[in-house]
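Novice:
Number of protein chains: 2
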Amino acid sequence: MNQLDSRELRYFVAVAEELHFGRAAERLGIAQPPLSRAIRQVERRLGVTLVERTTRRVALTPAGEVLLREGHKALDALAAAGNRARRAGRSSPALAVVLKPNCDAGLLPEILTTYRADPEAIPVDVLVCGIGEQAGVLRQGRADVAFLHHPYDDLSGFDTEDLLTLRQVAVLPPGHRLVGRAGVRVADLRDEPLPRWPGMTPDQASGPEVRDSGQLMQLVALGLAVAVMPETVSRTTTLPCVPVVDAEPITLSLGWPERSRSLALAAFVRAAAEVAARRQASGLAVAGQGPT
Amino acid sequence: MNQLDSRELRYFVAVAEELHFGRAAERLGIAQPPLSRAIRQVERRLGVTLVERTTRRVALTPAGEVLLREGHKALDALAAAGNRARRAGRSSPALAVVLKPNCDAGLLPEILTTYRADPEAIPVDVLVCGIGEQAGVLRQGRADVAFLHHPYDDLSGFDTEDLLTLRQVAVLPPGHRLVGRAGVRVADLRDEPLPRWPGMTPDQASGPEVRDSGQLMQLVALGLAVAVMPETVSRTTTLPCVPVVDAEPITLSLGWPERSRSLALAAFVRAAAEVAARRQASGLAVAGQGPT
DNA sequence: CCCGACCGATACCCTCACGGTATGAATCAG
DNA sequence: CTGATTCATACCGTGAGGGTATCGGTCGGG
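Sequence lines, in order, name chains A and B. Per our numbering, the very first residue in the first sequence carries number 1; after that it's consecutive. Per our numbering, the very first residue in the second sequence carries number 1001; after that it's consecutive.
(1) What are the boundary residues of the beta strand (DSSP E) that residue 29 (chain A) is part of?
(2) Have a look at the DSSP bridge pairing and note the partners of residue 1233 (chain B).
(3) Over what stretch of residues does the alpha helix (DSSP H) that includes residue 1064 (chain B) continue unbroken?
(4) Does the region 1230-1237 of chain B come within contact of the region 1097-1106 of chain B, defined as at least 3 CB pairs closer than 8 Å?
(5) When the distance is taken between beta carbons, is residue 81 (chain A) closer than 8 Å to residue 1074 (chain B)?
(6) Using a Cβ cut-off of 8 Å (strictly closer), state whether residue 1208 (chain B) contacts chain A.
(7) Pairing CB atoms from the region 1009-1021 of chain B with CB atoms from the region 271-283 of chain A, are three or more of them under 8 Å?
(8) Among A:244, A:212, A:33 and A:101, which one has its Cα closest to the Cα of residue 178 (chain A)?
(9) Just to confirm my understanding: we take residue 210 (chain A), look at its own chain, exclude 5 residues before and 5 after, and list those with CB closer than 6 Å. What are they?
(10) Can you find a C-beta in chain B that's less than 8 Å from the C-beta of residue 139 (chain A)?
(11) Per DSSP, residue 123 (chain A) is paired with what?
(12) At the level of alpha carbons, what is the spacing between residue 255 (chain A) and residue 1042 (chain B)?
(13) With DSSP as the reference, label residue 52 (chain A) as helix, strand or coil.
(14) Confirm the yes/no value for this check: CB of residue 57 (chain A), any heavy atom of the ligand NAP, distance under 7 Å.
(15) Which residues in the same chain have their Cβ closer than 8 Å to the Cβ of residue 1174 (chain B), if we skip the five residues on either side of it in sequence?
(16) Closest by CA to residue 229 (chain A), which one among A:259, A:253, A:152 and A:277?
(17) Label residue 198 (chain A) either buried or exposed according to how many other C-beta atoms from any shown protein chain fall within 10 Å of its C-beta, with 16 as the threshold for buried.
(18) Helix, strand or coil for residue 1024 (chain B), going by three-state DSSP, please let me know.
(19) Do we get a CB-CB distance below 8 Å when we pair residue 1084 (chain B) with the residues of chain A?
(20) Assuming residue 96 (chain A) is part of the beta strand (DSSP E), what are its boundary residues?
(21) With C-beta atoms as the reference, is residue 122 (chain A) less than 8 Å away from residue 94 (chain A)?
(22) Between residue 67 (chain A) and chain B, is there a C-beta pair that is closer than 8 Å?
(23) Starting from the Cα of residue 139 (chain A), find the closest Cα among A:155, A:130 and A:53 and give me that residue.
(24) Using a Cβ-Cβ cutoff of 8 Å, what residues of the region 4-29 of chain A are near chain B? List them in chain order.
(25) What runs of the beta strand (DSSP E), each 3 residues or longer, lie entirely inside the region 233-274 of chain A?
(26) Pick out whichever of A:27, A:274, A:34 and A:19 has its Cα sitting closest to the Cα of residue 54 (chain A).
(27) With a threshold of 16 other CB atoms inside 10 Å of the CB of residue 1052 (chain B), please say whether the residue is buried or exposed.
(28) Is residue 3 (chain A) helix, strand or coil when you go by DSSP?
(29) Residue 1049 (chain B) and residue 89 (chain A): beta carbons closer than 8 Å?
(30) Contact between the region 1158-1171 of chain B and the region 1261-1274 of chain B is defined here as three or more beta-carbon pairs at a separation below 8 Å; is this criterion met?
(31) Residues in its own chain within less than 7 Å of residue 38 (chain A) by CB, not counting five upstream and five downstream?
(32) Helix, strand or coil for residue 1210 (chain B) per DSSP?
(33) Please list the terminal residues of the continuous alpha helix (DSSP H) segment that includes residue 108 (chain A).
(34) Could you work out which residue in B:1226, B:1176, B:1148 and B:1017 is closest to residue 1058 (chain B) when comparing CA atoms only?
(35) Residue ranges of each beta strand (DSSP E) run of no fewer than 3 residues wholly in the region 143-188 of chain A, ordered along the chain?
(36) For chain A, check one thing: does any of its Cβ atoms lie closer than 8 Å to the Cβ of residue 1096 (chain B)?
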């Protein structure tokens, strides 16, 4: 009588996100009438109104908001169950590491060689995803461990190990008025065209939309944007960089599902922590920055 | 092609727990043949063998073990989505608090009166569940916040607030050889009949099986068991209690789903912390124990 | 060593839940 | 007032999933 099933939940989530039955149906690859019925059925089953609908407007009730949030988690968990089992059944199990481009602070190669020396080590699959997608990939079980950037990425629900604390630098077009300064403040960048990352609303940043740091660097080089990023980018770009002295430092962390008992994962975390400690001790010399 | 659905997952979990298709089918209220087919279909879908089966033996493969663990989480999350939405849709939303009998250290009445004074307060539903079931109730969204005992209850996946640290006492039958001692050690109790709580395997404890502390107290009074429990029980029993000086102290905590943004919940946690601090400050006088 | 009990797999059928098409009904713009 | 838009209703067809009957393989007892 009352147990929600995953199909209904997927349907509801589509409607709740699109706030439009026609578009939601299209996204789901079905026609609109069965979708309307399915939502009604969910409402009957839960005994609750989830969507306030007129022919002109579709809006979520408070209960609908709750179901959207919780439903997403449940669908992620469902996908995770399938993906984890699938990967566990591979004849040669591997540890899947996910990161976004240029986010490993150059640590990954060394981490991998250190890791491979560990007796618990198994082969490693490296997955490169889009900006801000690591947490989702991890939640859906398509990876075992992720490189994450606090406070940008959402760490809730994961166990974490902090690797490095990175100051932020402004990446500037050559000849920019701030080039050559020993440091700048956030306020100095107020009128600069800061890029808009995926997921940001237009009022959060004034500049052009970017999807990856390659695009961003291109735009900076053309003088169309100014980037504020972890200091490690200074190693991968020839553009001038200036420390932002009052920007909140970024923490590079590893995250993995809570309560994991995988020895291979534990070894990887150990290796990463060790490499990060070495790097921190050597004062980030490669990045051209002295120690704090 | 590849997405698991909740029905299939429920079927698999039943088989994985029963390790017997017939019993699992009975538990699910269906016949055995469709269950066999469903499991095969899951295996095909994931491209993985989950269950090693002969006519005499059913065993999980490593992938099956993974799917059982992850599947449980997913089904909990699914139930949680439904239950939370259902409760959020009630005309008068309430905060559901779950605890097991005698586990609130007598704090609850005072917490409730303190809480009701808060402007953010909403009505409170108190749910009393069986031993060790709080985490499950919370995970399935049937409650918003739980009283938990670290290290007995599994806190992973929850945000927590520690309330009290409780030393443990041994509850003894009247006239027992240890009655009157100022303190005992764990080793002194080695040969005593310690009760077996639900979920314990027979080798972990020698004594009779118990399901709640009422039963346990009865057995102790009859001289059939010796209980080791948080010191607060001494308030609810007339049986003699002796501190166990080297037992790991128990932490009474509140736990709730991560990243909750409910103001009503926050107010409850605030009230509980405040009451616990007052109680701690007054040296647990009511429990007849001096401060550490 | 054979027979019977047990248990999962297979074969076959049937039902109803879910999806599709056509259309109604409500609301808003112009 | 009219047409466009969009969600709901009516009705139908199909196939996924469940039931019954039975097979086949394995182990234990006599």
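Every residue, glycine too, gets a C-beta built ideally from N, C-alpha and C.
Specialist: Put simply:
(1) As a position in the first sequence, residue 29 (chain A) is number 29, starting the count at 1. Premise fails: residue 29 (chain A) is in no beta strand (DSSP E) and is neither H nor E.
(2) Taking the first residue of the second sequence as position 1, residue 1233 (chain B) is located at position 233. None; residue 1233 (chain B) has no bridge partner.
(3) One-based indexing of the second sequence puts residue 1064 (chain B) at position 64. Its alpha helix (DSSP H) spans residues 1062-1089.
(4) yes
(5) Taking the first residue of the second sequence as position 1, residue 1074 (chain B) is located at position 74. Taking the first residue of the first sequence as position 1, residue 81 (chain A) is located at position 81. Yes, these two residues count as a Cβ contact at 8 Å.
(6) Here residue 1208 (chain B) refers to the residue found at position 208 of the second sequence. No, residue 1208 (chain B) does not count as interfacial toward chain A.
(7) no
(8) Counted from its first residue, the first sequence places residue 178 (chain A) at position 178. When only C-alpha atoms are compared, the closest one is A:244.
(9) Residue numbering aside, residue 210 (chain A) sits at position 210 when the first sequence is read from its first letter. The answer, listed in chain order, is 195 and 216.
(10) Locating residue 139 (chain A) in the first sequence gives position 139, counting from the first residue. It does not; no Cβ of chain B falls within 8 Å.
(11) What you label residue 123 (chain A) is simply residue 123 of the first sequence in a count that begins at 1. According to DSSP, residue 123 (chain A) bridges with nothing at all.
(12) For this step, residue 255 (chain A) is matched to residue 255 along the first sequence. For this step, residue 1042 (chain B) is matched to residue 42 along the second sequence. For residue 255 (chain A) and residue 1042 (chain B), the distance between alpha carbons rounds to 29 Å.
(13) For the purposes of this step, residue 52 (chain A) is taken as the residue at position 52 of the first sequence. Three-state result, residue 52 (chain A): strand.
(14) Among the components modelled here there is no ligand, and therefore nothing to report on the ligand NAP.
(15) Translated into positions along the second sequence, residue 1174 (chain B) becomes position 174. Excluding sequence neighbours, residue 1174 (chain B) sits near 1221, 1239 and 1240.
(16) Position 229 of the first sequence, counted from the start, is the residue given in the question as residue 229 (chain A). Comparing Cα-Cα distances from residue 229 (chain A) to each of A:259, A:253, A:152 and A:277, the minimum goes to A:152.
(17) Position 198 of the first sequence, counted from the first residue, corresponds to residue 198 (chain A). Looking at its Cβ environment, which holds fewer than 16 other Cβ atoms inside 10 Å, residue 198 (chain A) is exposed.
(18) Along the second sequence, read from residue 1 onward, the residue named residue 1024 (chain B) stands at position 24. Residue 1024 (chain B): helix per DSSP, three-state reduction.
(19) The residue given as residue 1084 (chain B) occupies position 84 in the second sequence. Interface residue, yes.
(20) Looking up residue 96 (chain A) in the first sequence gives position 96. Per DSSP, residue 96 (chain A) belongs to the beta strand (DSSP E) from 95-99.
(21) Counting from one through the first sequence, the residue named residue 122 (chain A) turns up at place 122. Counting from one through the first sequence, the residue named residue 94 (chain A) turns up at place 94. In this structure, residue 94 (chain A) lies closer than 8 Å to residue 122 (chain A) by Cβ.
(22) On the first sequence, position 67 is the one that residue 67 (chain A) refers to. For residue 67 (chain A), the answer is yes, since a Cβ of chain B falls inside 8 Å of its Cβ.
(23) Your numbering for residue 139 (chain A) matches position 139 in the first sequence. Residue A:155 is the option with its Cα nearest to residue 139 (chain A).
(24) 4, 5, 6, 7 and 9
(25) 241-243 and 250-257
(26) Residue 54 (chain A) sits at position 54 when you count from the first residue of the first sequence. When each option's Cα is compared against that of residue 54 (chain A), the closest is A:19.
(27) Against the second sequence, residue 1052 (chain B) aligns to sequence position 52. When all chains shown are included, residue 1052 (chain B) counts as exposed.
(28) Mapped onto the first sequence, residue 3 (chain A) falls at position 3. Coil.
(29) As a working note, residue 1049 (chain B) is residue 49 in the second sequence. As a working note, residue 89 (chain A) is residue 89 in the first sequence. Yes.
(30) For the pair of segments examined, the region 1158-1171 of chain B was found to touch the region 1261-1274 of chain B: the number of CB pairs separated by less than 8 Å reaches three.
(31) Taking the first residue of the first sequence as position 1, residue 38 (chain A) is located at position 38. Contacts found: 8 and 11.
(32) Taking the second sequence and counting its residues from 1, the one referred to as residue 1210 (chain B) is at position 210. Of the three classes helix, strand and coil, the one that applies to residue 1210 (chain B) here is coil, per DSSP.
(33) Start at 1 with the first residue of the first sequence, and residue 108 (chain A) comes out as number 108. Run containing residue 108 (chain A): 108-116, per the alpha helix (DSSP H) assignment.
(34) Against the second sequence, residue 1058 (chain B) aligns to sequence position 58. For residue 1058 (chain B), the nearest C-alpha among the options comes from B:1017.
(35) 145-150, 158-166 and 168-171
(36) In the second sequence, residue 1096 (chain B) corresponds to position 96, counting from 1. No, residue 1096 (chain B) does not count as interfacial toward chain A.
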